[in-house]
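Trainee:
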Amino acid sequence: MDAATPTTTTAPLKRNALGRVCTPRAQREALLDEFERSGLPAARFAKAAGINYQTFATWVQRRRHAGGQYEHARLRKSSAVRLVEVAVPAAVSMPHPAMCTATALELLLPGGARLLLHDARQAELAAHLLRHLNSTASPAC
16 MDAATPTTTT APLKRNALGR VCTPRAQREA LLDEFERSGL PAARFAKAAG
66 INYQTFATWV QRRRHAGGQY EHARLRKSSA VRLVEVAVPA AVSMPHPAMC
116 TATALELLLP GGARLLLHDA RQAELAAHLL RHLNSTASPA C
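Going by my numbering, the first residue of the sequence shown is number 16, and it counts up by one from there.
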């Protein structure tokens, strides 16, 4: 069979009182697993499997909700980092460059942003930036 044809075997179709086909949970999960491995668009996979596209799309959506995929996407959108210009006052004392080490400090921010500090003199600037981001962040829903 080619990649466009699902290989899951099917039992005789049972119908409910409204005439709708009842697909056992195990078969539905097997089809969804195969769909995820296939890389095919949902409409093409559903057609090849002989499943109504709307029904199949509902199965996919329920699985994604159960797996928390939609929640992760919502959190990524709501925690977007905005960049702002920050000026460090000249009165801030900076350590001598010889006192700085060659290692870097990496800060992982919400939304996947990374802030790398290669020099101890960057710490004050980073602190101002993080304070500003924290004060302007919208509260999570």
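Think of the CB as a built atom: it goes at the ideal place given N, C-alpha and C, for glycine as much as any other residue.
1. Output the distance between the C-alpha atoms of Leu122 and Arg129, rounded to the nearest integer angstrom.
2. How is the alpha helix (DSSP H) around Arg43 delimited, first residue to last?
3. Going by DSSP, what residue range makes up the beta strand (DSSP E) through Arg129?
4. How far does the alpha helix (DSSP H) with Ala57 in it extend, from its first residue to its last?
5. Locate the beta strand (DSSP E) running through Leu124, then write down its first and last residues.
6. Can you round the beta-carbon distance between Ala63 and Val75 to whole angstroms, since I take them to be within the 8 Å contact cut?
7. Would you mind working out which of Gln84, Arg40, Gly83 sits nearest Phe71, comparing C-alpha positions?
8. Please state the DSSP three-state secondary structure of Leu120.
9. So, with DSSP's three-state summary, where would you put Arg79?
10. Using 8 Å for Cβ pairs, my map puts Ala142 next to Leu132. What's the rounded Cβ distance?
11. Give the single residue among His80, Pro125, Ala138 whose Cα lies nearest to the Cα of Asn149.
Mentor: Let me spell this out:
1. 6 Å
2. 40 to 53
3. 129 to 132
4. 57 to 64
5. No beta strand (DSSP E) contains Leu124, which DSSP labels as neither H nor E.
6. So it is not a contact: roughly 15 Å between Cβ atoms.
7. Arg40
8. strand
9. helix
10. So it is not a contact: roughly 10 Å between Cβ atoms.
11. Pro125
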